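Per our numbering, residue 892 is the first one in the sequence shown, and the count goes up by one each step.
Using N, Cα and C, we set each Cβ at its ideal position, and we do this for glycine too.
Please read all numbers here as calculations on a predicted model, not as lab measurements.
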Amino acid sequence: MPRRLKVFRTATGFHDAYVAAPSQKAALEAWGSDADLFARGVAERVEDPELMKAPLARPGEVIRLSRGTAAEQIAALPPDKPKPAKAEVSKPRAKAKAGSSPPARDPKPKPRPSRADLDRAEQALEERARRQADERAELDRRLDMLQRERRELARRHERDVEALERALRAARTSYEEAMEAWRA
């Protein structure tokens, strides 16, 4: 009997992500989350029938719904912090000029990382590939040589066997003739 589906929701930016799943664990897997969003309080089970319709129509699939219009989302943003007045900004500079401490300078940019280790690793891999190709070619050459030797051995064996069989037939014929003569 299939398990009863429940609908879960979590916030993703300006959207809510809904999913119909049999358990919280299955919902987390559908969202691709490694963390327990339910324990953190950023995911919840949905009971509203209107919000449950779309996810239940496509179980296991993440449904993203906007959390209001663009105007509503902008209105929900916190108000901008007031910028400090120019007089306030100039006071610290005035103190710096007075001689207490020099103004902070931008740190020097970090040097570009060295490619030396990467280049050595790539070179070692290429060298190993070349050595392996050379070793394989040597084995192929030796295999061809052994196959030629095997064919030559088979030909020699065949010639030797034929010669020995001829000698055997001749010896048999000679023996049979000698036995005939002896019996007679």
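Let me confirm a value: isoleucine 954 is counted as buried when at least 16 other C-beta atoms fall within 10 Å, else exposed. Which label applies?
Here residue 954 refers to the residue found at position 63 of the sequence shown. Looking at its Cβ environment, which holds 16 or more other Cβ atoms inside 10 Å, isoleucine 954 is buried.
Can you list, in chain order, the stretches of the alpha helix (DSSP H) that have 4 or more residues and sit fully within the region 1025-1072?
If we require 4 residues or more, the region 1025-1072 turns out to have no alpha helix (DSSP H) run fully inside it.
Taking all protein chains shown into account, do 16 or more other C-beta atoms lie within 10 angstroms of the C-beta of valine 910, making it buried, or fewer, making it exposed?
Position 19 of the sequence shown, counting from 1, holds the residue named residue 910. It counts as buried.
Alpha carbon to alpha carbon, how far is alanine 926 from lysine 972? Give it in angstroms, no decimals.
Reading the sequence shown from its first residue, position 81 is the one you call residue 972. Reading the sequence shown from its first residue, position 35 is the one you call residue 926. Lysine 972 and alanine 926: Cα-Cα distance of roughly 33 angstroms.
Are arginine 936 and phenylalanine 899 close, meaning C-beta to C-beta below 8 angstroms?
Position 45 of the sequence shown, counted from the first residue, corresponds to residue 936. Position 8 of the sequence shown, counted from the first residue, corresponds to residue 899. Their beta carbons are under 8 angstroms apart, which means arginine 936 touches phenylalanine 899 by this criterion.
Would DSSP call arginine 1006 helix, strand or coil?
Counting from one through the sequence shown, the residue named residue 1006 turns up at place 115. Coil.
Classify leucine 956 as helix, strand or coil using the three-state DSSP reduction.
The residue given as residue 956 occupies position 65 in the sequence shown. In this structure, leucine 956 counts as strand in the three-state DSSP scheme.
How is methionine 1022 classed by DSSP in three states: helix, strand or coil?
The residue you call residue 1022 lines up with position 131 of the sequence shown. Note that residue 1022 is arginine in the sequence shown here, rather than methionine. Helix, per DSSP.
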